[in-house]
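In this note's numbering, the protein residues as written are 17 to 776. We put the CB at the ideal spot given by N, CA and C, even for glycine.
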């Protein structure tokens, strides 16, 4: 293990390893000069699922595990200049977008501007009414009193409380699905995500080698070949190489091979893998017959075998096919005592997708998500994985992304249309996420390694999957405890349900603010009357306390990514607020009738208005939540309790104060004590139910109007070609410093050197 915070340039003092070897382990991939000194596992750094061969002068990264071989190293980079150091710098440079906070700030600022407008209107109307600013003290009819009332109802102090409670309860629901939320606002981002970028190794796949369908020569039993492969494996079961481990575990699929191994096999000599011969050999005996079993690089096994040219060509073609598909294959041969070497066949190894990955991706696509795979593995492996997951194979390598001659808008188009990128480093993943965000996409990123940390931090919603490193978990917004991506579909559905609850509450809260602002200001200007501040406070308390239960409400989830369509929200909320104000005005206007209007026996205008406002406002949440699901018992129970309290206030005349004469004169049925008779209360309930039904019908009509459906919905693929091209050209420029013959410095713009661009 290279366990210091340094990177190494490997070298060897063995002259035999300096010989040029044209043997190719992967059967068709371009051969390297020399032989590999070590095989290292760098999946936690670059995401490559298979062990990577390192040759002379190759770089080994910090935290890389040495799986095979031995070599010396020269330190080439430390601290911030190392691979891990640069990755950490990207994580620190990623800025939190604060999408949910921006939306809440927008709504809060708009409501504050509206309340200032209504306060100004109240003061102008008050001057025409000759109202005092603060006197007399025992009267409610003064401008400061109006200002206080409007501030109480116009500033939504309960908005952050209810939204935070809804998110916190939603986080508890997600925890039940094995998804731990580290940042509450990530739930809202997850609900709106339309592109899911996923690491392959350990996320789409299990990061565990698996043997695909083996190739056997004609006349060879596959069980015999697998038994020979198992014999030519490390005999130390406690310290198995990953390749030997998967070879032995695969015997579960071949019961006859296990029967062969159950015979009297005795090992005489075991020779481990070495980079010169590129094979493992085991000399053993069975029932007095001596065998030599070998497995290794396909070309090395073929060279030592004696077979016909036709068999050799078939073997080479199959090895090339496996290499094109991204498989690493091993050839198997055996020599029976007194007989020549017999070529048995080969078996390909691959890190396969998890069993539920294909189904999960299909479900995610149904929910409106576009899935892109970002992997450090080779291009052939990435395309083969895409085929297994029923994804398109429009996958490109990092060279096409960074050095493919594309810049600006063309580069953004490539990222947007591609289904994935292979051979990528952390900065490439970071760049892909950044480009998608620049195009207006809400992007989620899933990963498990150090190499995923920068992109997890940069994404609108970073998700660390099960078994992820501490670096990935620290950078992520959500951590999955269940293996694979299956949890993400449930998490997205839950997040969209949580979003619907918050959206219903925000529409409800805006309509409430507008309701009382419109009614109180117009009533002050027209009839020089207002409601008592004490009752206004209780109306605001009842509204916020009851709707906290919306966090536990039953909600539906949309089949497409959701977003805050603020223009649509405001249009609907303004219409609902006007309807509520009209309903309150109608009940107040009825009190001017000679028969007392809505009053059956006796009553107080303050308490009658208080009960009507409380009932219609509390029931409005049933309208804005929609009718696709039944409300939860928690929400119904909370609203019923506050409705009972509001009714008691009305019946007993609590906080109604002493009634003050208004113009025109009040009827005789007005109660001096502020109490209201039971019959009148029943009529108010019936009237409020009628108002709520009318509002529900109007709300339903507004939601089905085609013009309103997409109002405020942003274009998720918004390209600013001029800016993108400008930034693309600027990225290719560098500041050059020159000193003339007189010693004066001069700075000029020039083309960036190609080698500098590659280093970055």
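Around the CB of residue 134, 16 or more other CB atoms lie within 10 Å, so the residue is classed as buried. The beta carbon of residue 349 lies closer than 7 Å to those of 310, 317, 320, 321, 357, 358, 359, 360 in the same chain, with the five residues before and after it left out. Rounded to the nearest whole angstrom, the C-alpha separation of residue 145 and residue 544 is 7 Å.
Assignment of beta-bridge partners to residue 69 by DSSP yields 55. Linking residue 514 to residue 652 through their CA atoms gives a straight-line distance of about 18 Å. Here residue 535 is actually not in contact with residue 485; their C-beta atoms are around 58 Å apart, not less than 8 Å. Residue state for residue 498 is assigned as coil, using DSSP reduced to three classes. Sequence-distant partners of residue 457 (beyond 5 residues in either direction) whose C-beta falls short of 6 Å from its own C-beta, in its chain, are 210, 211, 732. Rounded to the nearest whole angstrom, the CA to CA distance from residue 402 to residue 555 is 57 Å. Distance check between residue 469 and each of 454, 331, 442 places 442 closest, using alpha-carbon atoms only.
Take residue 616, set aside five residues on each side of it, and the residues of its chain with a beta-carbon closer than 8 Å to its own are 693, 695, 696, 699, in chain order.
With a cutoff of 8 Å on beta-carbon distance, residue 248 and residue 296 are scored as near each other.
Closest in C-alpha terms to residue 559, from the list 607, 539, 636, comes 636.
Within the stretch 191 to 218, the beta strand (DSSP E) runs of at least 3 residues that lie entirely inside it are, in chain order, 195 to 197, 211 to 215.
Residue 352 counts as exposed, since fewer than 16 other beta carbons sit within 10 angstroms of its beta carbon. Contact between residue 446 and residue 410 does not hold, since their C-beta atoms are separated by about 21 Å, which reaches or exceeds 8 Å.
With distances taken between CA atoms, residue 655 lies nearest to 557 out of 725, 557, 722. Judged by pairs of C-beta atoms under 8 Å, the stretch 197 to 206 touches the stretch 488 to 508, as three or more such pairs exist.
Residue state for residue 539 is assigned as helix, using DSSP reduced to three classes. In the structure shown, residue 525 adopts helical secondary structure according to DSSP, grouped into three states.
Using a C-beta cut-off of 8 Å, the stretch 657 to 665 makes contact with the stretch 619 to 632, since at least three inter-stretch Cβ pairs fall below that distance. Residue 690 is a Cβ neighbour of residue 672, given a cutoff of 8 Å. Remark: C-beta atoms of residue 58 and residue 80 approach each other more closely than 8 Å. The distance from the Cβ of residue 53 to that of residue 71 is about 7 Å, consistent with a contact at the 8 Å cut-off.
DSSP places residue 668 in the helix class (H, G or I) of the three-state scheme.
Of the candidates 576, 521, 553, the residue whose Cα lies closest to the Cα of residue 183 is 521.
Excluding its 5 nearest sequence neighbours in each direction, residue 613 has C-beta neighbours in its own chain below 7 Å: 606, 607, listed in chain order. According to DSSP, residue pairing for residue 357 in a beta bridge involves 351.
Put simply, of 194, 444, 525 the residue whose alpha carbon is nearest the alpha carbon of residue 123 is 525. Within the model, the alpha-carbon separation for residue 116 versus residue 609 is close to 49 Å. In the DSSP assignment, the residues bridged to residue 281 are 302. The residue from 374, 304, 396, 303 with its alpha-carbon nearest to that of residue 337 is 396. Listed as beta-bridge partners of residue 388 by DSSP are 213. No Cβ-Cβ contact shorter than 8 Å links residue 265 with residue 273.
Under DSSP, residue 314 forms no beta bridge with any residue. Burial check for residue 579: the Cβ neighbour count within 10 Å reaches 16 or more, so the residue is buried.
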